[in-house]
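What follows is one structure encoded as structure tokens, with my remarks underneath.
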């Protein structure tokens, strides 16, 4: 097991917090694409699945990230990138900000599981 995985394990023993969430996302962003990173993502998912969903939030639906699999909640500022929600397979909550043009919500039908 490499130092990155050990550091992740130690860090995820702490209580859930916004700071730990941000650290975890950054940790995976800086981790080269290896088999160990995939194992670490699975490990982190098992722990983060029990966190409050409002902590595991993203406001960046236009970005593809290795950490998208950890996101539970999305905040939409607009609906321009609504089709990108498919890149967040574990999302259980979507918040649409006040004043958002809702005409593009018909795109939600593309998000349904087959």
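In this note's numbering, the protein residues as written are 20 to 133.
Glycine included, every Cβ here is placed at the ideal spot set by N, Cα and C.
Quiz item: Span of the alpha helix (DSSP H) holding residue 30?
Solution: 22 to 30
Quiz item: Under the DSSP definition of a beta bridge, which residues are partnered with residue 113?
Solution: 93
Quiz item: Does the stretch 84 to 101 come close enough to the stretch 51 to 67 to have 3 or more Cβ pairs within less than 8 angstroms?
Solution: yes
Quiz item: Nearest CA to the CA of residue 108: which residue from 93, 114, 24?
Solution: 93
Exercise. Measure the C-alpha to C-alpha separation of residue 42 and residue 30 and round it to an integer number of angstroms.
Key: 9 angstroms
Exercise. Kindly indicate the opening and closing residues of the alpha helix (DSSP H) around residue 65.
Key: 54 to 67
Exercise. State buried or exposed for residue 132, treating a residue as buried only when at least 16 other CB atoms are found within 10 Å of its CB.
Key: Caution applies to residue 132, whose pLDDT of 49 falls short of 50 and renders its modelled position unreliable; the value that the coordinates give is listed next. With fewer than 16 Cβ atoms within 10 Å of its Cβ, residue 132 is classed as exposed.
Practice problem: Could you tell me whether the Cβ atoms of residue 23 and residue 40 are closer together than 9 angstroms? | Solution: no
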